[in-house]
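Protein chains in written order, with full-length UniProt numbering: chain A, 1 to 388; chain B, 1 to 388; chain C, 1 to 388; chain D, 1 to 388. Right, one structure below, let's go through it.
Number of protein chains: 4
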Amino acid sequence: MSDVSAVKAALKSQVIETPSWGYGNSGTRFKVFAQPGVPRDPFEKLADAAQVNTYTGVAPKVSLHIPWDRVEDYTALTRRAEELGLRIGAINSNVFQDDDFKLGSVTHPDPKVRRKAVDHLLECVDIMDATGSPDLKLWFSDGTNYPGQDDIAGRQDRLAEALAEVYERLGDDQRMLLEYKLFEPAFYATDVPDWGTAYAHCLKLGPKAKVVVDTGHHAPGTNIEFIVAFLLREGKLGAFDFNSRFYADDDLMAGAADPFQLFRIMHEVAVNGGLEPETDVNFMLDQCHNIEAKIPAVIRSVTNVQEATAKALLIDASALAAAQRSGDVLAANGVLMDAFNTDVRPLLAEVREELGLARDPFAAYLASGNQERIASERVGGEQAGWGA
Amino acid sequence: MSDVSAVKAALKSQVIETPSWGYGNSGTRFKVFAQPGVPRDPFEKLADAAQVNTYTGVAPKVSLHIPWDRVEDYTALTRRAEELGLRIGAINSNVFQDDDFKLGSVTHPDPKVRRKAVDHLLECVDIMDATGSPDLKLWFSDGTNYPGQDDIAGRQDRLAEALAEVYERLGDDQRMLLEYKLFEPAFYATDVPDWGTAYAHCLKLGPKAKVVVDTGHHAPGTNIEFIVAFLLREGKLGAFDFNSRFYADDDLMAGAADPFQLFRIMHEVAVNGGLEPETDVNFMLDQCHNIEAKIPAVIRSVTNVQEATAKALLIDASALAAAQRSGDVLAANGVLMDAFNTDVRPLLAEVREELGLARDPFAAYLASGNQERIASERVGGEQAGWGA
Amino acid sequence: MSDVSAVKAALKSQVIETPSWGYGNSGTRFKVFAQPGVPRDPFEKLADAAQVNTYTGVAPKVSLHIPWDRVEDYTALTRRAEELGLRIGAINSNVFQDDDFKLGSVTHPDPKVRRKAVDHLLECVDIMDATGSPDLKLWFSDGTNYPGQDDIAGRQDRLAEALAEVYERLGDDQRMLLEYKLFEPAFYATDVPDWGTAYAHCLKLGPKAKVVVDTGHHAPGTNIEFIVAFLLREGKLGAFDFNSRFYADDDLMAGAADPFQLFRIMHEVAVNGGLEPETDVNFMLDQCHNIEAKIPAVIRSVTNVQEATAKALLIDASALAAAQRSGDVLAANGVLMDAFNTDVRPLLAEVREELGLARDPFAAYLASGNQERIASERVGGEQAGWGA
Amino acid sequence: MSDVSAVKAALKSQVIETPSWGYGNSGTRFKVFAQPGVPRDPFEKLADAAQVNTYTGVAPKVSLHIPWDRVEDYTALTRRAEELGLRIGAINSNVFQDDDFKLGSVTHPDPKVRRKAVDHLLECVDIMDATGSPDLKLWFSDGTNYPGQDDIAGRQDRLAEALAEVYERLGDDQRMLLEYKLFEPAFYATDVPDWGTAYAHCLKLGPKAKVVVDTGHHAPGTNIEFIVAFLLREGKLGAFDFNSRFYADDDLMAGAADPFQLFRIMHEVAVNGGLEPETDVNFMLDQCHNIEAKIPAVIRSVTNVQEATAKALLIDASALAAAQRSGDVLAANGVLMDAFNTDVRPLLAEVREELGLARDPFAAYLASGNQERIASERVGGEQAGWGA
């Protein structure tokens with residue numbers, strides 16, 4: 001896509017969904033460091049998400065996490081979102097923080113525990129109905145820590161049964177997005193460890209079930225963009241959870257650890273139709289800002305995804321295809337690298353200007369005084385966090 | 001399976017297939033060290049495989065590798081195998097050592113190269129017909145070394161097309177076994193990197209297409225026994241390529257690097273029906289004995305697989321199930337570990353004695369003088385090897 | 001060491017130190033699941049450690065963690081330990097849970113924070129004086145999450161300075177044990193990532209500074225027993241933190257994930273003099289029993305280490321050396337595997353019987369009723385935990 | 001270093017050494033694909049290296065590999081180099097391709113084999129004398145494939161002894177550069193697996209012994225720039241072997257797999273004095289161009305290193321230091337990313353123009369017709385390669 005106006009149009013229409021929990025406190029098993037100004041309820045999280053959207057222009061959707069974002073009145077929450085120029089994105093279930101879920105939720109050996117877990121998932125669909133959310137996002141911490149602890153195949157049976165019940169409950173325009181993760185918090189075997197497992201379940205469930213690729217959930221050496229290309233080819237890529245990692249599921253800012261990988265991913269997205277609205281890929285962030293200021297970190301993550309997208313769109317597609325066809329390894333690689341080596345910040349600054357935004361969202365936000373304002377206003381109450 | 005006679009019966013009926021190329025020279029990219037007595041043609045490889053079967057009693061099948069084992073007269077080769085008490089196992093294709101395959105075989109951008117590759121695969125089916133081999137085993141070195149080098153999804157299209165043509169050619173009792181590998185010799189993206197990719201292709205091809213799990217082909221941290229359990233649950237596990245590894249695809253003796261992992265794998269095989277004849281899982285070795293004597297190394301590998309199987313069969317299934325159901329993590333793990341910690345060598349010695357074999361196949365082979373005999377007899381000619 | 005009585009003597013004299021925090025609640029960043037009967041103060045932790053020692057006979061030492069085990073009166077704590085047949089082992093510092101340490105402790109850019117951190121370390125030496133503890137164990141969570149966040153070499157300078165001040169404070173019979181860790185909770189660069197870094201600092205500090213090998217702190221593929229052999233050869237191995245892991249720092253029971261690795265480690269310990277009292281290697285456990293009962297889990301960990309040690313001691317040293325000298329790869333490996341494949345549980349049962357203990361410590365503890373007793377007695381108050 | 005003229009001066013004085021074997025054929029254990037025009041002797045390799053220097057202007061040094069580059073008359077070879085505007089760089093020893101070295105070279109259990117290996121190393125010093133090479137580069141494939149195969153600590157003793165003898169032989173201006181590698185071709189334990197091992201040996205040898213960091217020789221997740229910073233701080237970084245990798249030691253073009261990592265490495269080099277001539281860091285490439293044209297691949301690798309260096313030099317040092325001191329994580333990371341996101345190709349084009357070179361070395365080389373010329377001229381004879 002070498003036509004600059006087409007590139008700009010694509011960048012203007014991109015939507016990046018930010019996670020409500022990214023604005024709250026988070027940490028490692030060793031310590032959660034609290035930060036001044038952190039939201040104390042879902043409404044304040046929406047306000048923070050709105051800041052990100054105000055400065056970037058491409059983040060109008062917010063993922064919720066239940067029960068962290070449970071409120072009395074979802075209509076009020078949805079209305080507040082709309083007032084802020086936002087809409088509710090995916091509803092993320094949480095079946096990993098109740099004491100009953102110590103040995104699993106939907107895959108637990110005890111049917112009573114499984115019932116409780118499925119009921120929570122069904123509640124999430126209710127919340128989708130109430131908020132207009134199109135996506136139920138499922139990540140399970142289910143798994144085992146020790147060999148022999150439970151029956152691996154039996155847990156798959158239970159998982160399949162639970163997913164089928166929830167899938168049945170979905171409305172026509174609602175999707176189920178199934179996430180996979182190789183490790184943590186289950187250490188020996190997670191119940192949905194890889195894309196193959198998620199894909200196999202989604203295939204059996206039907207067209208409304210799709211796979212979520214969280215960029216931090218793979219074994220070292222995994223080629224994530226291959227998975228992206230494969231799932232798009234199969235029509236089974238539902239969403240991304242963008243973040244970055246050096247070793248494990250570090251949940252750092254997207255693009256911070258390996259910007260070249262993010263670019264390669266966005267290249268596969270672009271060439272395989274993933275930016276077309278009808279493909280309906282949800283580009284979400286899923287991050288933990290443990291030591292850095294949260295709103296600015298989300299802004300930088302959004303602009304990192306934009307920059308990777310812009311570079312991917314600047315790849316000279318016909319030159320690339322010609323080099324690939326002729327088996328010219330260095331030429332083909334060179335076409336890709338030319339785009340990656342381009343500084344796209346001026347182009348994105350122009351795009352923003354044309355949208356009536358500041359050229360540099362990060363600087364503009366810092367200059368706005370919002371950070372100081374929330375730090376002074378949001379005093380007292382309990383800061384939002386992972387709730388563990 | 002706590003009944004000792006049932007355990008013994010299962011051990012007696014186990015079949016482990018050995019690879020013809022395991023008897024030839026192999027090495028790393030740095031050096032192939034030749035060994036005295038190495039076979040100089042496929043017939044001598046059969047003789048070596050027969051030695052392994054003579055001493056272990058459970059290795060009556062031999063995998064061939066084409067073109068390394070190409071002969072004028074496959075009927076003669078098959079007859080020779082029968083005379084030696086062997087039968088021909090899987091036919092392994094090789095589309096990675098012809099100069100035309102530098103940038104791929106069935107996924108190559110050039111249709112002429114793909115044609116050549118598919119023709120080779122079809123020739124392998126002819127050889128199956130001629131030898132009575134039930135299994136076509138496909139491993140592709142196809143992939144790319146550099147980002148942008150070729151179109152990832154396009155290569156999948158070509159792969160699917162090639163597999164479909166070969167699948168059509170299979171007879172009613174012939175299977176296609178598709179292997180996956182994360183890395184090497186393609187460095188950036190292999191075209192069948194993981195079980196998910198192999199599974200998705202096999203699913204589309206039909207019931208005769210199954211997945212091969214090579215224990216050395218995964219990313220670090222991958223739980224292989226999960227994959228085994230999952231594929232058995234789906235009816236899609238076709239075969240193992242057993243070997244062991246510390247970092248990459250080291251192709252060391254099975255059970256040498258992580259005997260506990262091999263035991264866990266055999267446990268999942270056992271509890272998910274993988275030892276039943278009707279499940280038709282082919283237990284193959286795929287190894288390179290670069291620095292150790294080859295026949296003895298294969299014998300040890302076979303006995304390592306037997307020991308892992310015996311331990312898996314000794315697990316107290318009802319105690320395990322009870323502990324799992326009650327959520328007693330330590331008890332369940334303890335049942336598994338009890339079996340692993342058992343010294344099963346006396347049991348296997350008894351099994352062998354009951355089969356009329358020596359109690360210790362490794363020692364018996366060394367005492368037989370065969371190693372010295374082949375070293376003195378097999379002089380001149382060209383030693384068999386990977387042929388690279 | 002093929003002489004059984006010598007093996008038994010070595011097993012009887014082995015000492016495994018258990019961690020006070022292993023008896024308290026722990027978890028992942030997602031959730032800490034509380035368990036009934038968990039200690040509410042350091043005195044109750046000592047009582048639990050005494051249970052482990054009562055049943056295993058080889059765990060008379062307990063590591064403390066400051067501030068988790070901070071008490072008013074260390075003399076009282078030490079006296080209580082003695083009454084229970086225990087003594088105080090290593091004092092573990094904690095400079096990772098104070099809000100000031102968000103960006104580091106001894107390597108923090110701000111000298112005031114560094115001062116606070118060093119003062120804490122000096123306090124730990126005071127506690128060593130008060131309790132008779134011989135070892136100051138230092139693990140630093142210090143590091144950075146993002147490239148550029150701080151100056152890597154500058155942090156080394158600050159680390160060196162802090163270590164030097166604390167080293168100076170040590171008494172003649174006190175040691176500093178420096179731990180390394182590749183990842184978590186710092187994600188980009190930890191300040192003591194590997195044994196080389198710890199070794200280089202210890203070398204400069206002097207003979208009282210030694211390296212701690214935590215078996216869960218390495219990159220995938222690292223050969224830990226090589227490090228053990230190398231450090232013993234250099235006289236710089238101070239201690240182990242035993243635990244096991246599948247992917248990251250899972251802190252599972254020692255020997256649970258890879259019993260063969262634990263055996264190989266103990267083999268290097270044994271052949272390089274690490275079991276000799278004068279080598280003064282401290283064999284500690286450092287584990288988190290997130291989902292399994294804690295005292296029984298520690299007992300199993302202790303017996304796992306004992307079993308690995310017993311197997312290592314049973315290796316036929318002269319046969320091994322002969323095979324190694326002659327370059328007989330399979331024979332040498334076979335000698336090692338013979339020992340590993342031996343079921344040493346009967347031998348250890350005998351050892352225990354000769355010590356006046358029950359043959360099976362795990363079963364004996366479960367039968368003792370202690371678990372039920374503490375669950376009913378330890379009600380109210382705040383359960384001990386990681387305190388994060 | 002924000003002063004553009006200083007940046008340019010640094011870029012002009014940078015020297016990147018290219019490996020003679022990078023111009024010859026190479027491959028994987030599966031296949032070596034020959035390429036047209038590949039050199040047939042060391043003199044032709046020099047001619048190819050001269051091409052790289054002609055177009056990049058920063059590659060006047062060539063590493064030799066003995067015995068691959070063994071010639072009758074080293075004076076003639078050196079003179080030829082000078083005529084081509086080159087000088088001889090490091091002499092790389094090869095003690096891994098002789099049949100005697102199957103179980104090791106300097107660490108082999110047999111003293112006769114060790115003698116042979118040390119003699120080869122001493123011969124390499126003779127060649128240094130003859131060619132004016134300043135550096136003896138040592139990489140050992142020594143190690144073991146199976147647990148128990150040999151005595152880990154004993155092999156360290158033999159290694160230390162061999163290194164000491166060779167170190168003694170060095171002249172005043174000659175250095176020993178010791179390389180480490182975690183895996184391959186030894187699979188279980190390599191004898192110099194990590195920087196810590198190399199560092200410990202170099203420390204004992206003395207000031208002329210320094211460590212080589214090959215960017216492809218680490219475990220996954222290793223922070224290479226930390227090692228670089230640490231070794232520079234210790235005065236023990238002797239050289240780089242640049243290349244890139246996705247999983248193992250892929251030996252791809254430097255900067256191809258992770259350009260951000262290469263930038264981070266060059267940042268640590270720059271801020272820790274590694275670009276100063278007196279630090280004497282040798283910036284070498286060590287790569288295998290298995291499927292891509294070799295001279296152009298080396299040119300791209302050189303320009304990739306230049307681009308990473310340029311970006312590192314453009315980092316606003318005072319802004320970075322200020323942000324680091326104040327603990328502003330996002331600001332500090334932002335300063336680094338600003339430099340990385342800059343397109344430095346125009347700057348490098350200017351640098352080249354000022355040196356009288358073409359702005360784009362890759363394009364200029366391709367336009368020169370040299371590739372076609374060598375393909376037509378270098379026919380017959382035996383192509384140079386790894387010689388395995």
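Don't be surprised by glycine CBs; every beta carbon is placed ideally from N, CA and C. All values derive from a computational prediction rather than experimental measurement.
Under 8 Å between the Cβ atoms of B:V271 and B:F240? no
Measure from the C-beta of C:A388 to each C-beta in chain A and report whether the shortest distance is under 8 Å. Because C:A388 carries a pLDDT of 48, less than 50, the predicted location of this residue cannot be relied on, and the following value inherits that uncertainty. So, interface residue.
Buried or exposed (CB count within 10 angstroms, at least 16 for buried), C:L355: Counting Cβ neighbours within 10 Å, C:L355 comes out exposed, since fewer than 16 surround it.
Just by C-beta distance, which residues in the stretch 21-34 of chain C are closer than 9 Å to chain A? Listed in sequence order: S26, G27, T28, R29, F30, K31, V32, F33 and A34.
Which runs of the alpha helix (DSSP H) at least 4 residues long sit entirely within the stretch 344-371 of chain C? Give them in chain order. 345-354 and 361-368
Using the beta-carbon of each residue, which ones in chain A are nearer than 9 Å to C:Y247? Simply L182, F183, E184, F187, A219 and A248.
Please decide whether D:F96 counts as near chain B, where near means a Cβ-Cβ distance under 8 Å. yes
Members of the stretch 79-109 of chain C that neighbour chain A once the beta carbon cut-off is set at 7 Å: Under the 7 Å Cβ criterion, the stretch 79-109 of chain C contributes F96, Q97, D99, K102 and L103.
Report all residues from its chain with a CB closer than 7 Å to the CB of C:F260; omit the five preceding and five following residues, and keep chain order. F340
Residues of its chain near A:K12, where Cβ-Cβ distance is below 7 Å and the 5 sequence neighbours each way are ignored: Here A:K12 has V351 and L355 as same chain residues with Cβ atoms under 7 Å from its own Cβ, once five neighbours each way along the sequence are excluded.
Pick out whichever of B:V32, B:W68 and B:V125 has its Cα sitting closest to the Cα of B:E168. B:V125
Rounded C-alpha distance that separates C:L203 from D:Q149: Those two C-alpha atoms are separated by around 30 Å.
Here's the rule I'm using: 16 or more other beta-carbon atoms within 10 Å means buried, otherwise exposed. How should C:A293 be labelled? Buried: at least 16 other Cβ atoms inside 10 Å.
Leaving out the 5 sequence neighbours to the left and right, which residues in its chain are closer than 8 Å to B:T28 when beta-carbon positions are compared? N290
Less than 8 Å between the C-beta atoms of C:W195 and C:I227, yes or no? yes
Under a CB-based cut-off of 8 Å, is A:I291 close to chain C? yes
Segment contact flag, the stretch 74-93 of chain D with the stretch 53-66 of chain D, C-beta cutoff 8 Å, min 3 pairs: yes
Given C:I315, which residues of its chain have a CB within under 7 Å of its CB, disregarding the five upstream and five downstream residues? H267, V335, L336 and A339
In whole angstroms, give me the CA-to-CA distance for B:V4 and B:T279. 23 Å
Identify, in the order they occur along the chain, each residue of the same chain with its Cβ nearer than 6 Å to the Cβ of D:P277, setting aside the five sequence neighbours on each side. none
For chain C, find out if any of its Cβ atoms is closer than 8 Å to the Cβ of D:Q51; answer yes or no. no
Which value, in whole angstroms, describes the spacing of the CA atoms of A:A388 and C:V38? No answer about A:A388 holds up, because its pLDDT of 48 lies below 50 and its placement is not dependable.
Is it right to say A:E82 is buried, meaning 16 or more other beta carbons lie within 10 angstroms of its own, or is it exposed? Around the beta carbon of A:E82, fewer than 16 other beta carbons sit within 10 angstroms, so the residue counts as exposed.
So if DSSP puts B:K137 in a beta bridge, which residue, or which two residues, is it bridged to? B:N92 and B:L177
Use the C-beta contact count for D:V379: other C-beta atoms within 10 angstroms, 16 or more gives buried, fewer gives exposed. Around the beta-carbon of D:V379, fewer than 16 other beta-carbon atoms lie within 10 Å, marking it exposed.
To which residues of the same chain is B:L84 closer than 6 Å at the C-beta, ignoring the five residues directly before and after it? Answer for B:L84: L46 and A50, listed in chain order.
Tell me where the beta strand (DSSP E) around D:M284 begins and ends. N282 to L285
Return the residues of the stretch 312-336 of chain D that lie within a Cβ-Cβ distance of less than 7 Å from chain C, sorted by chain order. Within the stretch 312-336 of chain D, the residues whose Cβ lies closer than 7 Å to some Cβ of chain C are L320, Q324, R325, G327, V329, A332, N333, V335 and L336, listed in chain order.
C:G385 in three-state terms, based on DSSP: strand
Partner residues on chain D for B:L64, Cβ-Cβ distance less than 9 Å: By Cβ distance, chain D contributes nothing, its closest Cβ being about 18 Å from B:L64, past 9 Å.
In the DSSP assignment, what residue or residues form a beta bridge with D:N25? In the DSSP output, where bridge partners are listed per residue, D:N25 has D:G385.
With the cut-off set at 8 Å, would you say A:Q174 and A:K208 are in Cβ contact? yes
Spatial neighbours of B:E382 within its chain, please: CB distance less than 7 Å, with the 5 preceding and 5 following residues excluded, ordered by chain position. R40
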